[in-house]
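Everything below concerns the one structure shown next.
Protein chains in written order, with this note's numbering: chain A, 739 to 1209; chain B, 184 to 813.
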């Protein structure tokens, strides 16, 4: 067997976030393996176009871009050659803004290029094999791996993670059932077994596709649990965006000290709202009917709206034309977002006006605005209740409560889903069963990388329990 | 140590023993083959057939390694079929009915005429050992035979106990002795010995069968022979017949269920699920109104019929009554009753991939003693044990096939990484790299080994090189020949978006065969007579190309794990970070590579991660530079 230089047991290129979880000003990602430098070539653009990348141990300044050349983040980046890096392999390190979201996005871009997520301790493992670190440190890694296993083991019994693996396990059981049907028709050709016909196989697969699709879809909810719920505040200039931002911060437990958000022009703060980590970003104002120059200035605000889970749209109710303006603003920028409307400055309304029914009510597409005053704190309880309600709505139904929180799991499930679709297409086109079985096994392999199992014997168990075989 | 009588002693003249002896002989070692009855070498104790799914693959591998099984069945078969032809070539499988008596005498003649093999009649009673190394055997009548290596291929004879209804008889086969003292010898040497069960149906007098009531199953033409050395020739084939049990069968068996030793509790050991007794089938699948029975002739010179699917250990009177309820068997006369047999085996965590025991050096196990069932499985192990026995004597590196290389590799790896829960039989679904492990490419996969160990002649080797070369050329030609889509007529609909395609791409379309693309090759310097084997080989490779490429990536991953060797002196005890269950399993199976460790039942990826770290630590401490190369 071909083998690369000593101490290089795996030739995969791997990547992972190497800064500790949680918010920090800076985040770092390490890529290690033979493909590390070519990935950089694909996703990194030096800020100055005349600078050519590729120099080792040079700190470059530039941007990480996605496949459509959209900028994901502004970063610094350094590359190390084989033999002179932490892992001893070709390596690159990217330093970006510390938000979990940005880190995750960059990582996902990296994974597009035949890079896989690093297993716990894998960088250190490679470093050890390359003789870069000593035994004591490798042992520390062993402890880490061990404790992680122990943790997952006990965690599997009681928390969401356990329920998730239960559900994945169910999906897997059905995949094994499917493959058993196919295998039985291969391995027992003389037995005239009543194996499922094509239509029933396709129905079984469709069922699994729906289920796996749901799990993949739950990743969003899972991300909220893990990375927090994102609220963006917007509205016209002087509607009270910053006041609301401050009031929300002061009335709730702040989670961390202020840090730059995903975009530096804006302030993002983290609060604990009913047990959920919520990030609040105060954006620049939005105004309908703006000219081209003003519009350009609003681009980044719009981008934040797009990335948020909920947009709090605030209007100044003391303005005569607030109703018309809010309607126009929402018409122009509001579509595609989940919006909570707020009517601020109710303290400025005369008692008389307040009493008049309908003056402070505003509804749109079934949503009703919440009247508040940032100055007197009137209506803040209602606002809090409304926000908590909205957050709960976007969280998974906890009676089922199954969400995929890990990006790695999501990827595996997506691959599983792809295999299912290939099997389905194959069965519809009547390809040979051994090829359908091959595709299905590949799918099960993906799931097995989540649950860590081996299954040849299981398929036979399934066949023997379902079919009467034996000439 | 006393001067050895033989290089190798093989105990048992069944399908494993014979292949082991012949392999060793081909490698120029002297062999003493100890058997109870020299007239009964390679006897088919149960069904008179060779091959079937997964099993035929092993037969082709034995053939590629110079073994006898394929040649023997080709010479003595009375009906040949190829199964699964409606599926892809990876799961095509040859199966043949044998003339039971002719098969055994063909093998006997071959063994007797082998100059390196000496047949010794007797019952092995004990192993002779010397400081952890085997030194020979002692027969029950007190003869002491010395050798450097001993291969035990004891089949159902080791502690064999036959059950027919309430009746129990110590025997290895109907009317034959069993080896009880040898089992005791193994226990006293510290081996863990377990018990398995298998069974066989009654035999029927064929002249009392009404075949007109059954469905005829003829053989196939041209005859699909097993061995690459067999020349295609016409032959008269004998048909089998398919029939069914009836409601009366069910009634009688259900009424007498408690008289079956399997149900009365008389037999506690486990039988194979893929080959259940008729009482078991009726009991477990009680909603099935009827069960298939195949009536298979036992040979040309006999009227005896083997009713495949009617294995039973019910009392004789019940067997007689029940068999006559089967359609076409209303007047059937039983010539020999069916029976169940219990026998001893040694759970296979006690052997290495070479089939040498971990406990006693130079002692090898092959066949049912390792918990398998089937002539083919036994034969595959026999060849492996025979080759490794020689390599052991010559102090050469061992012969180990991996899971991506051969069904034999899959089988042995399964045996040494899993606890036996029933007699092990091969299925194609056991092979995760099934698309690579085909009947048609057995020689491509194994000829390198056969050559290295001197198991094929130079002529054979050169001939095969030519075949490989022609196949490569033909694939190249099909890839290089480009045709305009417009000229494809009916087939053009598969390529709506292209103007021209290669014949190879055309051949990949499901349902398209070589005959369909052949007309386009005309005038392209096509050799006048292209060997049909070349055509078949080229077609299969092209059809599977995309899938094989995908599988290749998995194979690479697999081999990387296999090459992470665990040194034999590595201690699995008290490793931190391992779950208790995993620690126990590692201790029991003592895997020799990280890959093997990962396949042990109940082991998680976390356990493997922890184990791999401990291994690194071990390597550094012992100052061993990395993994040893093969």
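Cβ atoms here follow ideal geometry from the backbone N, Cα and C, with glycine treated the same way.
Secondary structure note for residue 1030 of chain A: its alpha helix (DSSP H) is the uninterrupted segment 1030-1045.
According to the DSSP assignment, residue 321 of chain B belongs to the beta strand (DSSP E) that extends over 316-322. The Cβ atoms of residue 250 of chain B and residue 202 of chain B sit closer than 8 Å to each other.
Cβ-Cβ distances below 7 Å link residue 364 of chain B to 308, 309 and 323 in the same chain, with the five nearest sequence neighbours on each side left out; the list follows chain order. Within 10 angstroms of the beta-carbon of residue 316 of chain B lie fewer than 16 other beta-carbons, which makes it exposed. The beta carbon of residue 440 of chain B sits no closer than 8 Å to any beta carbon of chain A. Scanning its chain for C-beta atoms nearer than 7 Å, with the 5 sequence neighbours on each side dropped, one finds around residue 780 of chain A the residues 851, in chain order. Looking from the CA of residue 406 of chain B, the closest CA among B/266, B/625 and B/765 belongs to B/266. Assigned with DSSP and collapsed to three states, residue 221 of chain B falls in helix.
For residue 478 of chain B, the three-state secondary structure derived from DSSP is strand. A straight-line Cα-Cα distance of about 7 Å links residue 212 of chain B and residue 573 of chain B. Checking the DSSP bridge columns, you'll see residue 398 of chain B partnered with B/425. Counting only runs that start and end inside the stretch 918-994 of chain A, the beta strand (DSSP E) elements of at least 3 residues fall at 967-973. Any Cβ of chain A closer than 8 Å to the Cβ of residue 267 of chain B would place that residue at the interface, and such an atom is present.
According to DSSP, residue pairing for residue 233 of chain B in a beta bridge involves B/279. The stretch 1043-1061 of chain A and the stretch 1002-1012 of chain A do not touch, with fewer than three beta-carbon pairs separated by less than 8 Å. In this structure, B/236 is the residue among B/236, B/685 and B/545 with its C-alpha nearest to the C-alpha of residue 928 of chain A. Separation of residue 325 of chain B and residue 306 of chain B (C-alpha to C-alpha, rounded to the nearest whole angstrom) is 10 Å. Listed by position along chain B, the residues whose Cβ is nearer than 7 Å to that of residue 1173 of chain A are 271 and 730.
When the Cα atoms are used, residue 653 of chain B and residue 297 of chain B turn out to be separated by approximately 35 Å. Contact between residue 1084 of chain A and residue 1117 of chain A holds: their C-beta atoms lie close to 7 Å from each other, under 8 Å.
Taking all protein chains shown into account, residue 797 of chain A has fewer than 16 neighbouring C-beta atoms within 10 Å of its C-beta and is therefore exposed. In summary, the residues of the stretch 232-265 of chain B whose CB is separated from some CB of chain A by less than 9 Å are 235, 236 and 237, in the order they occur in the chain. Near chain A, meaning a CB-to-CB distance below 8 Å, the residues of the stretch 674-698 of chain B are 693. The stretch 611-626 of chain B makes contact with the stretch 229-247 of chain B: 3 or more CB pairs, one atom from each, lie closer than 8 Å. Look at residue 921 of chain A: its C-beta is under 8 Å from a C-beta on chain B. The Cβ atoms of residue 1082 of chain A and residue 1129 of chain A do not sit closer than 8 Å to each other.
Here the C-alpha atom of residue 629 of chain B lies approximately 6 Å from the C-alpha atom of residue 247 of chain B. In this structure, DSSP gives residue 542 of chain B a state outside helix and strand, which the three-state scheme calls coil. Interface criterion not met: the Cβ of residue 598 of chain B is under 8 Å from no Cβ in chain A. Nearest Cα to residue 815 of chain A within the set A/934, A/775, A/808 and A/933: A/775. Using a Cβ distance threshold of 8 Å, residue 864 of chain A and residue 826 of chain A count as a contacting pair. Residues 267 and 611 of the same chain have their beta carbon placed closer than 6 Å to that of residue 274 of chain B, with the five preceding and five following residues left out of the count. Residue-level contact check: residue 587 of chain B does not touch chain A, since none of the beta carbons of chain A fall below 8 Å from its beta carbon.
For residue 506 of chain B, the closest of B/642, B/388 and B/584 by C-alpha to C-alpha distance is B/388. In the structure shown, residue 530 of chain B falls within a coil segment according to DSSP collapsed to helix, strand and coil.
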